[in-house]
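Visitor: Take 1 as the starting number for the sequence shown in UniProt numbering and just add one per residue.
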Amino acid sequence: VAIRGLLLGNGPEPTQRAEALLFAADRAQHLAEVVEPALSEGRDVITDRSYGSTLAYQGHGRGQPIDELMRLAEWASGGLLPDLVVLLTVPADTADRRLGEERDRMEREDTDFAARVIEGFAALADADPDRWVVVDGTGSIEEVAERVASAVGAK
Numbered sequence: 001v002a003i004r005g006l007l008l009g010n011g012p013e014p015t016q017r018a019e020a021l022l023f024a025a026d027r028a029q030h031l032a033e034v035v036e037p038a039l040s041e042g043r044d045v046i047t048d049r050s051y052g053s054t055l056a057y058q059g060h061g062r063g064q065p066i067d068e069l070m071r072l073a074e075w076a077s078g079g080l081l082p083d084l085v086v087l088l089t090v091p092a093d094t095a096d097r098r099l100g101e102e103r104d105r106m107e108r109e110d111t112d113f114a115a116r117v118i119e120g121f122a123a124l125a126d127a128d129p130d131r132w133v134v135v136d137g138t139g140s141i142e143e144v145a146e147r148v149a150s151a152v153g154a155k
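And the structure:
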């Protein structure tokens, strides 16, 4: 979606409020174009876009009010929230190495911002353990995939 490119590209940086609204718009569009049609066909959906990212990045990372962001996320999604969220965790140096050289605007933020976002995701997982599962993301792709499959199967 073009909105996502605007947000993560190298163009002008939006204000914090505009950033939250644009991410909400991107998620609303993604739900309408990808998620809802798949669900209506009875398919399972795996996606990397969810309300949790809004709360972690714009709330914990940027310091925007969590309650307002949650209302925005619920409105943008029409109340459709994921049944399960898998949070992959890795040490900061592993994440940095995996990101490589080519990074989007959010990935270029400083380490303090990244630490706040990580804390935000952990807080979300702690607050809603029925919806969130935390999985160790270190190791090979096969090892991580096995851990994810095991965690999802246990839910």
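Virtual Cβ for every residue (Gly too), placed ideally from N, Cα, C.
1) Do G61 and V117 have their C-beta atoms closer together than 7 Å?
2) For residue 156, count the other beta carbons within 10 Å of its own beta carbon; 16 or more makes it buried, fewer makes it exposed. Which is it?
3) At the level of alpha carbons, what is the spacing between A123 and G52?
4) Restricting to runs no shorter than 4 residues, where is the alpha helix (DSSP H) found entirely within the region 79-139?
5) Go ahead and pull the three-state DSSP assignment for P12.
6) Where does I46 fall in DSSP's three states?
7) From the DSSP output, in three-state form, read off G61 for me.
8) According to DSSP, is E19 helix, strand or coil?
9) Helix or strand or just coil, what does DSSP make of S40?
10) Q64 to E74, Cα distance in whole Å?
11) I need the straight-line Cα distance from V90 to A145, nearest angstrom please.
12) So, are the CB atoms of A24 and L84 less than 7 Å apart?
13) Does S150 come out as helix, strand or coil in the three-state DSSP assignment?
14) Determine whether the beta carbon atoms of V34 and V86 lie at a separation below 7 Å.
15) Short of 8 Å in beta carbon distance, which residues of its chain neighbour T58, apart from the five on each side in sequence? Order them along the chain.
16) For G42, does the count of other Cβ atoms within 10 angstroms reach 16, so buried, or fall short, so exposed?
Guide: Inspection of the coordinates gives the following:
1) The count along the sequence shown starts at 1 and reaches residue 61 at position 61. The count along the sequence shown starts at 1 and reaches residue 117 at position 117. Taking 7 Å as the Cβ cut-off, G61 and V117 qualify as a contacting pair.
2) The structure shown does not extend to residue 156, since the chain is modelled only from 1 to 155, so the question has no answer here.
3) By one-based count along the sequence shown, residue 123 stands at place 123. By one-based count along the sequence shown, residue 52 stands at place 52. Cα to Cα, the separation comes out at about 10 Å.
4) Counting only runs of 4 or more, we get 92-99 and 111-127.
5) If you number the sequence shown from 1, residue 12 lands on position 12. The answer is coil: DSSP assigns P12 none of H, G, I, E or B.
6) As a first step, residue 46 is located in the sequence shown; it is residue number 46 there, counting from the start. Note: I46 maps to coil in three-state DSSP.
7) Locating residue 61 in the sequence shown gives position 61, where the first residue counts as 1. The answer is helix: DSSP assigns G61 an H, G or I state.
8) Position 19 of the sequence shown, counting from 1, holds the residue named residue 19. Here E19 sits in helix by DSSP.
9) Within the sequence shown, numbered from 1, the residue matching residue 40 stands at position 40. S40 falls in the helix class under three-state DSSP.
10) Translated into positions along the sequence shown, residue 64 becomes position 64. Translated into positions along the sequence shown, residue 74 becomes position 74. Taking the straight line joining both Cα atoms gives about 16 Å.
11) Taking the sequence shown and counting its residues from 1, one reaches residue 90 at position 90. Taking the sequence shown and counting its residues from 1, one reaches residue 145 at position 145. Looking at the two C-alpha atoms, the distance is approximately 14 Å.
12) Counted from its first residue, the sequence shown places residue 24 at position 24. Counted from its first residue, the sequence shown places residue 84 at position 84. Taking 7 Å as the Cβ cut-off, A24 and L84 do not qualify as a contacting pair.
13) Here residue 150 is taken as the residue at index 150 of the sequence shown, counted from 1. Helix at S150.
14) Along the sequence shown, read from residue 1 onward, the residue named residue 34 stands at position 34. Along the sequence shown, read from residue 1 onward, the residue named residue 86 stands at position 86. Against a cut-off of 7 Å, the Cβ pair of V86 and V34 comes out as no contact.
15) Position 58 of the sequence shown, counted from the first residue, corresponds to residue 58. Reading off the sequence, residue 58 comes out as Gln, not Thr. Counting only Cβ-Cβ distances below 8 Å, and skipping sequence neighbours, we find Q16, E19, A20, F23, Q64 and L69.
16) Residue numbering aside, residue 42 sits at position 42 when the sequence shown is read from its first letter. Its Cβ having fewer than 16 others within 10 Å, G42 is exposed.
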